[in-house]
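K.L.:
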Amino acid sequence: MTIASLLEPVTGQPGPARLANAGDWMQGRTLYGGASALVAYTMAQRAFPDLPPLRAAQVGFVAPIGDEIELHAEIVRQGRNVTQVRSEIHSGGKVALTAFWLFAAERDANAKRPAEKLADWPDGPGENPQAMQGQGPAFIQNNFEIRFGQDKDADHGATIRRWARLTEDHDLDPVSKLVLMGDVMPPGAMRIMQRMGPISSINWSFNVLDPQTRSDGGWYLAENASQYADSGYSSERLRMWDSEGRQVIEGLQCVAVFG
1 MTIASLLEPV TGQPGPARLA NAGDWMQGRT LYGGASALVA YTMAQRAFPD LPPLRAAQVG
61 FVAPIGDEIE LHAEIVRQGR NVTQVRSEIH SGGKVALTAF WLFAAERDAN AKRPAEKLAD
121 WPDGPGENPQ AMQGQGPAFI QNNFEIRFGQ DKDADHGATI RRWARLTEDH DLDPVSKLVL
181 MGDVMPPGAM RIMQRMGPIS SINWSFNVLD PQTRSDGGWY LAENASQYAD SGYSSERLRM
241 WDSEGRQVIE GLQCVAVFG
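Dropping the structure here:
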């Protein structure tokens, strides 16, 4: 199911909407986090179509999202270069997702520092076996191709790294594709859980390092790494690189670890 069919009801006008094709993007009883974030981002884009490129976002996953929703968007502040927009998804009359988007025009650089290269860069996706065949939530099986991005027999601590791409290109702009794909990996804390149990993303904050990215073959290397886990929660670092090793997203997430 193309993401365009999911986003079609998002017109940019506030009010009720029905995501008639949400089924292929569900993760349990809620819409997959990347898809729900993309619905909120698309709402901001279509409500205010002349925005500059997205540079950063803060997304709060508040409650489950189904097919019957209500959408809201507002400009919080608009300056000469930077526009800050809030968009929300309501479900059952209550906030289910709230997002704060920072759009900013390009300016002459007064500071330059490239992102550090990944030290143990893996072989390309074509040289790595497929992962999660017949495993994982339905939205993965329906919409993504996943390949290993690290030696599956080695000890990687609390880090999960995989090559990922959409099985259909969906005609998405580069940033929309990053929003949709940026939350695709399970948390690194899954590697260190003492017993299996449910997990749930609570929030997701990220910076877009390259809003024009177009990676070869649509492949991106995605990584989730638990930086600290205790008391039922994990602080996760989320990163993505294009096929040439250029980092395109730097993010942080809080994950609830049940069981």
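Numbering-wise (UniProt numbering), the sequence shown opens with residue 1 and increments by one.
Every residue gets a Cβ at the ideal spot worked out from N, C-alpha and C, and that includes glycine.
Note that the structure is a prediction, hence the values are computed from the model and not measured.
Kindly provide the ranges of any beta strand (DSSP E) runs that are 3 or more residues long and lie completely inside the UniProt domain "Acyl-CoA thioesterase-like C-terminal" (129–256), ordered along the chain.
P.N.:
144–148, 159–166, 199–201, 203–208, 220–230 and 233–241
K.L.:
In whole angstroms, what separates the C-alpha of residue 143 from that of residue 170?
P.N.:
10 Å
K.L.:
Pull up the distance between the alpha-carbon of residue 123 and that of residue 136, whole angstroms please.
P.N.:
24 Å
K.L.:
To which residues of the same chain is residue 227 closer than 6 Å at the C-beta, ignoring the five residues directly before and after it?
P.N.:
235 and 237
K.L.:
Using CA atoms only, rank isn't needed, just tell me which of 231, 216, 4 and 210 is closest to residue 257.
P.N.:
231
K.L.:
Excluding five sequence neighbours on each side, which residues of the same chain lie with their C-beta closer than 6 Å to the C-beta of residue 223?
P.N.:
161 and 239
K.L.:
For the segment 113–130 against the segment 70–80, do three or more pairs of beta-carbon atoms, one drawn from each stretch, fall closer than 8 Å, so that the two count as touching?
P.N.:
no
K.L.:
Residue 92: which of 129, 67, 193 and 3 sits nearest, CA to CA?
P.N.:
67
K.L.:
Taking its Cβ as the centre, do 16 or more other Cβ atoms sit within 10 Å of residue 47, making it buried, or is it exposed?
P.N.:
buried
K.L.:
Tell me, which residues are paired with residue 36 by DSSP?
P.N.:
Secondary-structure assignment with DSSP links residue 36 through no beta bridge to anything.
K.L.:
Ordered along the chain, which non-local residues of its own chain (more than five positions away) have a Cβ less than 7 Å from that of residue 174?
P.N.:
211, 212, 213 and 214
K.L.:
By how many angstroms is the C-alpha of residue 111 removed from the C-alpha of residue 177?
P.N.:
27 Å
K.L.:
Alpha carbon to alpha carbon, how far is residue 190 from residue 149? Give it in angstroms, no decimals.
P.N.:
16 Å
K.L.:
Give me the residue from 65, 60 and 98 with the minimum Cα distance to residue 74.
P.N.:
Minimum Cα distance to residue 74 is reached at 98.
K.L.:
Taking the alpha carbon of residue 157 as the point to measure from, which residue in 229, 12, 22 and 54 has its own alpha carbon closest?
P.N.:
229
K.L.:
Assuming residue 19 contacts residue 69 under a Cβ cut-off of 8 Å, what Cβ separation, rounded to an integer in Å, is found between them?
P.N.:
6 Å
K.L.:
What number of angstroms, rounded off, separates the C-alpha of residue 270 from the C-alpha of residue 259?
P.N.:
Not covered by the structure: residue 270. The range shown for the chain is 1 to 259.
K.L.:
I'd like to know if the segment 28–37 and the segment 57–67 are in contact, where contact means that at least 3 CB-CB pairs between them fall below 8 Å.
P.N.:
yes
K.L.:
For residue 42, which of 6, 133 and 22 has the nearest alpha-carbon?
P.N.:
6
K.L.:
For residue 202, does the count of other Cβ atoms within 10 angstroms reach 16, so buried, or fall short, so exposed?
P.N.:
exposed
K.L.:
Give the list of continuous alpha helix (DSSP H) stretches no shorter than 4 residues that lie fully inside the segment 2–46.
P.N.:
As far as the segment 2–46 is concerned, its whole alpha helix (DSSP H) runs of at least 4 residues are 3–7.
K.L.:
Residue 59 bridges to which residues according to DSSP?
P.N.:
99 and 204
K.L.:
Which same chain residues, not among the five before or five after residue 192, have their C-beta less than 8 Å away from its C-beta?
P.N.:
157, 158, 226 and 229
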